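A.B. asks: Everything in the sequence shown is counted per the working numbering, starting at 5 for the first residue and increasing by one. Glycine residues also receive a C-beta, built at the ideal position from the N, C-alpha and C atoms. Since we're looking at a predicted model, the values are computed, not measured. Mind having a look at this structure? Questions to follow.
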Amino acid sequence: MPDYDPLSAVMVTDPYPTYSELRDSAPVFWSDRLDSWVLTRYEDCRAVLGDAANFASDWRRAGHESASTVMSMQALDPPDHTPIRRLFTTAFRDQDLDHIGDMALAETTELLEKFSTAEEFDFTAELARPVALSAVCRLLGVDIPPVADFAAQSDALVHGMDAGLRPEVLEPAMAARKEINELIAGWHHATRGPGLLTQVLAGAAQAGVSEGEIWNSSRVLFLAGFSTTVGAAANAVLALLERPEALERLRDPKLLETGVDELLRFDSPVQGTTRACVRRTTIGDVTVERGQLVLMLFGAANRDPAQFASPDELVLDRSPNRHLSLGWGPHACSGAMLARIIIRALVTGLIRAPRPPRLAGPPVRETRATLRYPDRLPVTFRTAGS
Ligand code: HEM
Numbered sequence: 005m006p007d008y009d010p011l012s013a014v015m016v017t018d019p020y021p022t023y024s025e026l027r028d029s030a031p032v033f034w035s036d037r038l039d040s041w042v043l044t045r046y047e048d049c050r051a052v053l054g055d056a057a058n059f060a061s062d063w064r065r066a067g068h069e070s071a072s073t074v075m076s077m078q079a080l081d082p083p084d085h086t087p088i089r090r091l092f093t094t095a096f097r098d099q100d101l102d103h104i105g106d107m108a109l110a111e112t113t114e115l116l117e118k119f120s121t122a123e124e125f126d127f128t129a130e131l132a133r134p135v136a137l138s139a140v141c142r143l144l145g146v147d148i149p150p151v152a153d154f155a156a157q158s159d160a161l162v163h164g165m166d167a168g169l170r171p172e173v174l175e176p177a178m179a180a181r182k183e184i185n186e187l188i189a190g191w192h193h194a195t196r197g198p199g200l201l202t203q204v205l206a207g208a209a210q211a212g213v214s215e216g217e218i219w220n221s222s223r224v225l226f227l228a229g230f231s232t233t234v235g236a237a238a239n240a241v242l243a244l245l246e247r248p249e250a251l252e253r254l255r256d257p258k259l260l261e262t263g264v265d266e267l268l269r270f271d272s273p274v275q276g277t278t279r280a281c282v283r284r285t286t287i288g289d290v291t292v293e294r295g296q297l298v299l300m301l302f303g304a305a306n307r308d309p310a311q312f313a314s315p316d317e318l319v320l321d322r323s324p325n326r327h328l329s330l331g332w333g334p335h336a337c338s339g340a341m342l343a344r345i346i347i348r349a350l351v352t353g354l355i356r357a358p359r360p361p362r363l364a365g366p367p368v369r370e371t372r373a374t375l376r377y378p379d380r381l382p383v384t385f386r387t388a389g390s
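In structure tokens form, the structure reads like this:
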């Protein structure tokens with residue numbers, strides 16, 4: 005049994021060599037530390053993600069208790085998941101995502117202009133966060149909260165996802181959850197503009213979905229949409245700053261189209277997701293018992309040479325590119341279109357800047373298992389030595 009520790013310094017800095025070893029030596033292994041089976045091969049991960057009958061997002065189906073009586077889209081399985089998922093997917097499609105993308109590009113351009121003469125700026129905090137937050141709020145049709153406060157609450161919640169490994173992150177996460185619940189409770193009473201939230205609330209009764217489920221799902225969407233997009237953008241920009249020729253090549257709109265997905269594959273912000281086994285099932289030569297958890301490591305699956313040629317290289321025109329960074333199967337990311345649009349806007353802003361951006365110092369990473377990205381990414385437009 006490999007001694008896999010997602011919080012070790014080596015995994016936080018660069019997990020890919022370990023993922024490669026695990027794929028070769030122990031593609032499906034039991035981790036006492038995580039109390040879970042761990043999957044590292046692409047085919048195995050994709051099969052489990054696509055098999056909601058045997059591997060549940062709604063852990064009650066596998067005999068676990070749920071902390072909540074009102075579920076969210078993310079914690080339901082078909083057939084209960086289907087109407088709420090459809091409601092949100094339709095509402096997503098009905099929003100003017102191109103306009104949200106144009107606004108994200110305008111905001112990026114304005115911020116970059118401000119930073120053009122600065123000694124350095126932090127891409128994650130000062131660019132990705134405000135741009136992602138306004139895009140997700142515009143999608144929902146709600147007021148944009150102060151970015152620094154919201155980012156601190158979101159960070160505490162994201163750290164809270166590691167509470168099984170680091171109990172000390174639980175209390176700050178609970179406090180942040182309370183604050184975010186208060187923010188969202190304000191949306192109940194505020195005059196909301198047109199947007200996804202107004203649309204799903206209006207369609208709930210007809211779709212047979214409770215208001216509680218709508219609110220819980222909207223909270224998941226708001227929080228997950230923000231933190232993952234910030235992480236994906238920071239990973240993408242780090243990869244490009246380390247490869248200035250790749251950033252230059254992305255001036256070609258066709259390459260930008262495929263390049264965004266390749267950047268998502270190359271360095272996934274979401275390291276994995278977990279399902280609970282509904283009934284005894286085999287994966288490879290391992291038997292998974294009812295109730296046991298199965299963690300799929302997206303970072304490992306996305307670099308599996310059995311699925312991707314030259315998996316450790318950034319191949320901007322890779323196509324097809326069926327990476328798992330946005331999930332797969334019934335729970336595949338419903339915000340995928342918007343996620344791509346925001347990343348494209350941030351990268352386009354950097355490409356169009358009057359001078360090429362450079363890394364101004366080493367990226368800083370907090371110790372975190374679930375989401376992996378540079379929390380601080382110092383960038384400058386000054387030439388070296390000036
Ligand atoms: C690049 C940024 C993003 C990444 C990497 C990402 C990743 C993911 C992944 C991996 C899942 C599947 C989780 C699982 O199967 O357990 C997921 C689901 C989801 N994502 Fe995203 N996401 C991103 C952006 C967004 C955005 C912008 C939104 C909305 C504003 C969003 C909303 C959702 C929702 C609602 C689900 C749950 C879908 C369901 O359970 O049916 N995501 N996302």
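For Pro273, I'd like the list of residues in its chain whose CB is within less than 7 Å of its CB, leaving aside the five on either flank, ordered along the chain.
C.D. replies: Here residue 273 refers to the residue found at position 269 of the sequence shown. Around Pro273: Thr232, Gly235, Ala236, Asn239, Leu375, Arg376 and Tyr377.
A.B. asks: In terms of residues, what are the limits of the alpha helix (DSSP H) holding Trp34?
C.D. replies: Counting from 1 along the sequence shown, the entry for residue 34 is found at position 30. Not the alpha helix (DSSP H): Trp34 falls in the beta strand (DSSP E), residues Val32 to Ser35.
A.B. asks: Counting beta carbon pairs with one atom in the stretch 74-91 and one in the stretch 112-125, are three or more of them shorter than 8 Å?
C.D. replies: no
A.B. asks: Going by beta-carbon coordinates alone, are Ile104 and Ala139 separated by less than 9 Å?
C.D. replies: As a working note, residue 104 is residue 100 in the sequence shown. As a working note, residue 139 is residue 135 in the sequence shown. Yes, Cβ-Cβ distance for Ile104 and Ala139 is below 9 Å.
A.B. asks: Around the C-beta of Ser72, are 16 or more other C-beta atoms found within 10 angstroms, so that it is buried, or is it exposed?
C.D. replies: Locating residue 72 in the sequence shown gives position 68, where the first residue counts as 1. Exposed.
A.B. asks: Going by beta-carbon coordinates alone, are Pro149 and Leu187 separated by less than 9 Å?
C.D. replies: By 1-based counting over the sequence shown, the position of residue 149 is 145. By 1-based counting over the sequence shown, the position of residue 187 is 183. Going by C-beta atoms, Pro149 is nearer than 9 Å to Leu187.
A.B. asks: For His163, count neighbouring C-beta atoms within 10 Å of its own C-beta (all shown protein chains included) and say buried if the count is 16 or more, exposed if not.
C.D. replies: For the purposes of this step, residue 163 is identified with residue 159 of the sequence shown, where counting begins at 1. Classification of His163: buried, given that the 10 Å Cβ count is 16 or more.
A.B. asks: Please report the Cβ distance between Leu260 and Arg348, rounded to the nearest whole angstrom; I am assuming they are in contact, meaning their Cβ atoms lie under 8 Å.
C.D. replies: Here residue 260 is taken as the residue at index 256 of the sequence shown, counted from 1. Here residue 348 is taken as the residue at index 344 of the sequence shown, counted from 1. That pair is a contact at about 6 Å.
A.B. asks: Excluding five sequence neighbours on each side, which residues of the same chain lie with their C-beta closer than 7 Å to the C-beta of Leu200?
C.D. replies: Looking up residue 200 in the sequence shown gives position 196. Taken in chain order, the residues that qualify are Ala95, Phe96, Gln99, Leu143, Leu144 and Gly145.
A.B. asks: For Pro134, tell me which candidate among Val151, Gln210, Leu11 and Asn306 has the shortest Cα-Cα distance.
C.D. replies: As a position in the sequence shown, residue 134 is number 130, starting the count at 1. Nearest of Val151, Gln210, Leu11 and Asn306 to Pro134, Cα basis: Val151.
A.B. asks: So what does Asp289 bridge to, in DSSP terms?
C.D. replies: Reading the sequence shown from its first residue, position 285 is the one you call residue 289. Paired residues: none, contrary to the question.
A.B. asks: Using a Cβ-Cβ cut-off of 8 Å (strictly less than) and excluding sequence neighbours within five positions of Asp36, which residues of its own chain qualify?
C.D. replies: Counting from one through the sequence shown, the residue named residue 36 turns up at place 32. Answer for Asp36: Met5, listed in chain order.
A.B. asks: On the CB-based measure, 16 or more other CB atoms within 10 Å of its CB, does Val368 come out buried or exposed?
C.D. replies: In the sequence shown, the residue the question calls residue 368 occupies position 364. An exposed status is given to Val368, since fewer than 16 other beta-carbon atoms sit within 10 Å of its beta-carbon.
A.B. asks: Suppose you measure from the CA of Glu69 to the CA of Gly54; what does that come to, to the nearest Å?
C.D. replies: By 1-based counting over the sequence shown, the position of residue 69 is 65. By 1-based counting over the sequence shown, the position of residue 54 is 50. Taking the straight line joining both Cα atoms gives about 23 Å.
A.B. asks: Starting from Arg253 and walking both ways along the alpha helix (DSSP H), at which residues does that stretch end?
C.D. replies: Looking up residue 253 in the sequence shown gives position 249. Its alpha helix (DSSP H) spans residues Pro248 to Arg253.
A.B. asks: Just checking Met77 against the ligand HEM - is the residue's beta carbon closer than 8 Å to any of the ligand's heavy atoms?
C.D. replies: Here the question's residue 77 lines up with position 73 in the sequence shown. Yes; taking the cut-off as 8 Å, the Cβ of Met77 has a heavy atom of the ligand HEM nearer than that.
A.B. asks: Under the criterion of a Cβ to heavy atom distance below 8 Å, does Pro273 qualify as lining the ligand HEM?
C.D. replies: Walking along the sequence shown from the start, residue 273 turns up at place 269. Indeed, a heavy atom of the ligand HEM lies less than 8 Å from the Cβ.
A.B. asks: Does DSSP put Trp41 in a helix, in a strand, or in coil?
C.D. replies: Residue mapping note: residue 41 aligns to position 37 of the sequence shown, counting from 1. Residue state, collapsed to three classes: strand.
A.B. asks: Is the separation between the beta-carbon of Val264 and that of Arg344 shorter than 9 Å?
C.D. replies: As a position in the sequence shown, residue 264 is number 260, starting the count at 1. As a position in the sequence shown, residue 344 is number 340, starting the count at 1. Going by C-beta atoms, Val264 is nearer than 9 Å to Arg344.
A.B. asks: Please indicate yes or no: does the CB of Ser323 lie closer than 8 Å to some heavy atom of the ligand HEM?
C.D. replies: Within the sequence shown, the letter at position 319 stands for residue 323. Ser323 Cβ: outside cutoff for every heavy atom of the ligand HEM.
A.B. asks: Excluding the five sequence neighbours on either side, which residues of its own chain have a C-beta within less than 8 Å of the C-beta of Leu227, listed in chain order?
C.D. replies: Counting from 1 along the sequence shown, the entry for residue 227 is found at position 223. Excluding positions up to five away in sequence, the list reads Ser158, Leu161 and Ile184.
A.B. asks: With a threshold of 8 Å (Cβ to nearest heavy atom), would Ile188 be considered close to the ligand HEM?
C.D. replies: Start at 1 with the first residue of the sequence shown, and residue 188 comes out as number 184. No, the ligand HEM has no heavy atom inside 8 Å of this Cβ.
A.B. asks: Suppose contacts are defined by Cβ-Cβ distances below 9 Å. Is Val32 in contact with Asp18 by that definition?
C.D. replies: Position 28 of the sequence shown, counted from the first residue, corresponds to residue 32. Position 14 of the sequence shown, counted from the first residue, corresponds to residue 18. Cβ atoms of Val32 and Asp18: not closer than 9 Å.
A.B. asks: Tell me the start and end of each unbroken beta strand (DSSP E) in the stretch 185-236 that is at least 3 residues and wholly inside, in chain order.
C.D. replies: none
A.B. asks: Where does Arg348 fall in DSSP's three states?
C.D. replies: Taking the sequence shown and counting its residues from 1, the one referred to as residue 348 is at position 344. DSSP places Arg348 in helix when its eight states are reduced to three.
A.B. asks: Quick one, which of Thr352, Arg27, Glu217 and Ala56 has its alpha-carbon nearest Ala310's?
C.D. replies: Taking the sequence shown and counting its residues from 1, the one referred to as residue 310 is at position 306. Looking only at Thr352, Arg27, Glu217 and Ala56, the smallest Cα-Cα distance to Ala310 is reached by Arg27.
A.B. asks: Who does Pro382 pair with in a DSSP beta bridge?
C.D. replies: Within the sequence shown, the letter at position 378 stands for residue 382. Answer is Asp126, bridged to Pro382.
A.B. asks: So what's Ala56 in DSSP terms, helix, strand or just coil?
C.D. replies: What you label residue 56 is simply residue 52 of the sequence shown in a count that begins at 1. Coil, per DSSP.
A.B. asks: Examine the ligand HEM and report whether any of its heavy atoms sits within less than 8 Å of the Cβ of His68.
C.D. replies: Position 64 of the sequence shown, counted from the start, is the residue given in the question as residue 68. Checking the Cβ of His68 against the ligand HEM gives no.
A.B. asks: So, for Asp126: in the same chain, excluding its five sequence neighbours on each side, which residues have a beta-carbon less than 7 Å away from its beta-carbon?
C.D. replies: Sequence index remark: in the sequence shown, residue 126 carries index 122 (1-based). The residues are Arg380, Leu381 and Pro382.
A.B. asks: Using the Cα positions of Leu267 and Leu43, report the straight-line distance between them to the nearest angstrom.
C.D. replies: Here residue 267 is taken as the residue at index 263 of the sequence shown, counted from 1. Here residue 43 is taken as the residue at index 39 of the sequence shown, counted from 1. Distance between the alpha carbons of Leu267 and Leu43 is about 22 Å.
A.B. asks: In the stretch 265-324, which residue ranges form an unbroken beta strand (DSSP E) of at least 3 residues, counting only runs that do not cross its ends?
C.D. replies: 276-281, 285-287, 290-292 and 297-301
A.B. asks: Indicate, with yes or no, if the ligand HEM has a heavy atom lying under 8 Å from the CB of Gly263.
C.D. replies: Counted from its first residue, the sequence shown places residue 263 at position 259. No; taking the cut-off as 8 Å, the Cβ of Gly263 has no heavy atom of the ligand HEM nearer than that.
A.B. asks: Mapping the DSSP letters down to three states, classify Val16 as helix, strand or coil.
C.D. replies: As a first step, residue 16 is located in the sequence shown; it is residue number 12 there, counting from the start. In this structure, Val16 counts as helix in the three-state DSSP scheme.
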